[in-house]
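**Student:** Numbering (the numbering used here), first residue to last: 2 to 322.
Note that CB positions come from ideal geometry on N, CA and C, so glycine has one too.
Quick one: this structure, given as structure tokens, is what I'll be asking you about.
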Amino acid sequence: MEQRTRLVPARRRKLTALDRELDPYAQRIRQSGVEAIWKIGEELQAAKAKVIELTGDRRAPGFAQWTHHTFGWSKSTVSRYIKASQQRNENLKQIWGNKSVASTQPTQWFTYNIWHISQGDGKEFFGHFALLHMKNLLYRHTQEGDLVFDPFAGSETTIQACQEMNRRYWVSDLIPQSKRAHRHNILDGWPKGLKETPDLAFLDPPYWIQARGKYSDLPEDLGNMSLADFYAAMRGLFRTLEAHKVPKIAAVIQGSQYKNENHDYEDHILEFAKMLRSYRVKMRYILPLESKQYVPQQVIVMKPIECMVVHRDLVVWEREK
Ligand SMILES: C[S@@+](CC[C@H](N)C(=O)[O-])C[C@H]1O[C@@H](n2cnc3c(N)ncnc32)[C@H](O)[C@@H]1O
């Protein structure tokens, strides 16, 4: 007699034979990026075919339960994915509607504007922006299918967050870490390859003296510039974004606790606010540093000016109508 998989209702089931069989599909679905939404649909169709094969039942019993408990997706979300896989060229937003998020990873959504995380991602990359913070930014300020532009890609947190949350991305860096990021110097203005106005520009630049020599020895590296040149570079970038009518700009900013050329304390947010003439602040988030990020040496640096910077700000500006 043919072996059939016993299906257990979602509430009672732990790891069933069906889960094990479908796990490779789940893995591939999690890895599919937004530019391959149809890929998710194809994997879902393949997973459904597998259920039919296992159960011998064309109604694919257990498939909807599996997608629900594995990804938290409703039947209509699954059918939209499948539809997308069958109509590749349709406008993504039309296919997706305005659903705000369909994350394939468990995520904590912060309720208020203090985004405290006890643990980072464990990435060695200097100035890495935590994935959880990035996902919260996307969750609050973008929709599925939106295009996110990140000209300071670094370790590519933006790519990962966009892939997990079905956002499109166009990322670049002076020194790209992989082929997924374009090579582009922000001093050269609008990137030639960026043909569409992004819905959000995410800026996580090196903050001048704090990042000196951390990424390169190049003079065009913002980490190696004088304070005046750093501000001139950022002013140029803001002007470019403004000229292209980018509706939202988000910037990660850490006040500099180092003694500098002109002042004891440099508040970059206030300086940026002066540059963004046609934008207004939509929200300011406080991102406390993880405790391991402020070490005794840092305290020594901060002592003479009696200033301890132990958080970063994430400020979101919106273009005035
Ligand atoms: C703070 S890191 C970005 C971190 C990133 N958000 C992450 O999560 O890994 C700043 C990045 O800006 C890049 N950068 C510095 N000067 C640049 C320039 N003139 N144009 C483009 N990128 C530049 C550096 O190479 C570095 O990767």
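(1) Can you tell me the Cα-Cα spacing of residue 199 and residue 163, whole angstroms?
(2) Does the distance from the CB of residue 215 to the CB of residue 130 come in under 8 Å?
(3) Taking 7 Å as the cut-off, is the CB of residue 156 close to at least one heavy atom of ligand 1?
(4) Please report the Cβ distance between residue 170 and residue 151, rounded to the nearest whole angstrom; I am assuming they are in contact, meaning their Cβ atoms lie under 8 Å.
(5) Ligand 1 and residue 45: does the residue's C-beta get closer than 7 Å to at least one heavy atom of that ligand?
(6) Is there at least one non-hydrogen atom of ligand 2 closer than 7 Å to the beta-carbon of residue 194?
(7) Let's see if you can read the secondary structure: which residues bound the alpha helix (DSSP H) around residue 269?
(8) Exposed or buried, residue 173, counting other C-beta atoms within 10 Å across all chains shown (16 or more means buried)?
(9) Let me confirm a value: residue 74 is counted as buried when at least 16 other C-beta atoms fall within 10 Å, else exposed. Which label applies?
(10) Assuming residue 177 and residue 154 are in contact, meaning their beta carbons sit under 8 Å apart, how far apart are those beta carbons, in whole angstroms?
(11) Identify every residue that forms a DSSP beta bridge with residue 252.
(12) Provide the residue span of the alpha helix (DSSP H) that contains residue 213, from first to last.
(13) Pick out whichever of 223, 206, 149, 209 has its Cα sitting closest to the Cα of residue 197.
(14) May I have the straight-line CA-CA distance separating residue 117 from residue 289, to the nearest angstrom?
(15) Are residue 208 and residue 255 touching if we call contact CB-CB under 8 Å?
(16) Any heavy atom of ligand 1 within a distance shorter than 7 Å of the CB on residue 301?
(17) Does the count of Cβ pairs from the stretch 210-224 and the stretch 273-280 closer than 8 Å reach three?
(18) Beta-carbon within less than 6 Å of residue 48's beta-carbon, same chain only, minus the 5 sequence neighbours each way: which residues are those?
(19) Which whole runs of the beta strand (DSSP E) in the stretch 109-173 are 3 residues long or more, in chain order?
(20) How is residue 79 classed by DSSP in three states: helix, strand or coil?
(21) Judging by CA-CA distance, which residue of 41, 66, 158, 191 is the nearest neighbour of residue 182?
(22) Using the C-alpha atoms, what's the distance from residue 119 back to residue 319?
(23) Between the C-alpha atoms of residue 55 and residue 70, what's the straight-line distance to the nearest angstrom?
(24) Please report whether the beta-carbon of residue 275 lies at a distance below 8 Å from any beta-carbon of chain C.
**Tutor:** Straight from the coordinates:
(1) Residue numbering aside, residue 199 sits at position 198 when the sequence shown is read from its first letter. Residue numbering aside, residue 163 sits at position 162 when the sequence shown is read from its first letter. The alpha-carbon atoms of residue 199 and residue 163 are separated by roughly 13 Å.
(2) Translated into the one-based positions of the sequence shown, residue 215 becomes position 214. Translated into the one-based positions of the sequence shown, residue 130 becomes position 129. No; because the gap between Cβ atoms is not below 8 Å, this pair is not in contact.
(3) In the sequence shown, counting from the first residue as 1, residue 156 sits at position 155. Yes.
(4) Translated into positions along the sequence shown, residue 170 becomes position 169. Translated into positions along the sequence shown, residue 151 becomes position 150. That pair is a contact at about 7 Å.
(5) Position 44 of the sequence shown, counting from 1, holds the residue named residue 45. Set against 7 Å, the gap from the CB of residue 45 to the closest heavy atom of ligand 1 is not smaller.
(6) Inclusion of ligand 2 in the displayed structure is not the case, the ligand content consisting of ligand 1 alone.
(7) The count along the sequence shown starts at 1 and reaches residue 269 at position 268. Per DSSP, residue 269 belongs to the alpha helix (DSSP H) from 269-276.
(8) As a position in the sequence shown, residue 173 is number 172, starting the count at 1. Answer is buried; the Cβ neighbour count reaches 16.
(9) For this step, residue 74 is matched to residue 73 along the sequence shown. Classification of residue 74: buried, given that the 10 Å Cβ count is 16 or more.
(10) In the sequence shown, the residue the question calls residue 177 occupies position 176. In the sequence shown, the residue the question calls residue 154 occupies position 153. Going by Cβ atoms, the distance from residue 177 to residue 154 rounds to 7 Å, so yes, they are a contact pair.
(11) Working through the sequence shown from its first residue, we reach residue 252 at position 251. BP columns for residue 252 point to 204, 316.
(12) To locate residue 213, count along the sequence shown from 1; it is residue 212. No alpha helix (DSSP H) holds residue 213; DSSP gives it neither H nor E.
(13) Residue 197 sits at position 196 when you count from the first residue of the sequence shown. Relative to the Cα of residue 197, the nearest Cα in the group 223, 206, 149, 209 belongs to 149.
(14) Walking along the sequence shown from the start, residue 117 turns up at place 116. Walking along the sequence shown from the start, residue 289 turns up at place 288. Their backbone Cα atoms lie some 6 Å apart in a straight line.
(15) The residue given as residue 208 occupies position 207 in the sequence shown. The residue given as residue 255 occupies position 254 in the sequence shown. The answer is yes: Cβ separation under 8 Å.
(16) Here the question's residue 301 lines up with position 300 in the sequence shown. Checking every heavy atom of ligand 1 against the Cβ of residue 301, none is found closer than 7 Å.
(17) no
(18) Numbered from 1 along the sequence shown, position 47 holds the residue referred to as residue 48. Answer for residue 48: 23, 26, listed in chain order.
(19) 148-151
(20) As a working note, residue 79 is residue 78 in the sequence shown. Here residue 79 sits in helix by DSSP.
(21) Translated into positions along the sequence shown, residue 182 becomes position 181. Of the candidates 41, 66, 158, 191, the one whose C-alpha sits nearest the C-alpha of residue 182 is 158.
(22) Looking up residue 319 in the sequence shown gives position 318. Looking up residue 119 in the sequence shown gives position 118. Computed Cα separation, rounded: 30 Å.
(23) The sequence position of residue 55 within the sequence shown is 54, counting from 1. The sequence position of residue 70 within the sequence shown is 69, counting from 1. Going from the Cα of residue 55 to the Cα of residue 70 covers about 19 Å.
(24) Among the chains of the structure shown, chain C does not appear; only one protein chain is present.
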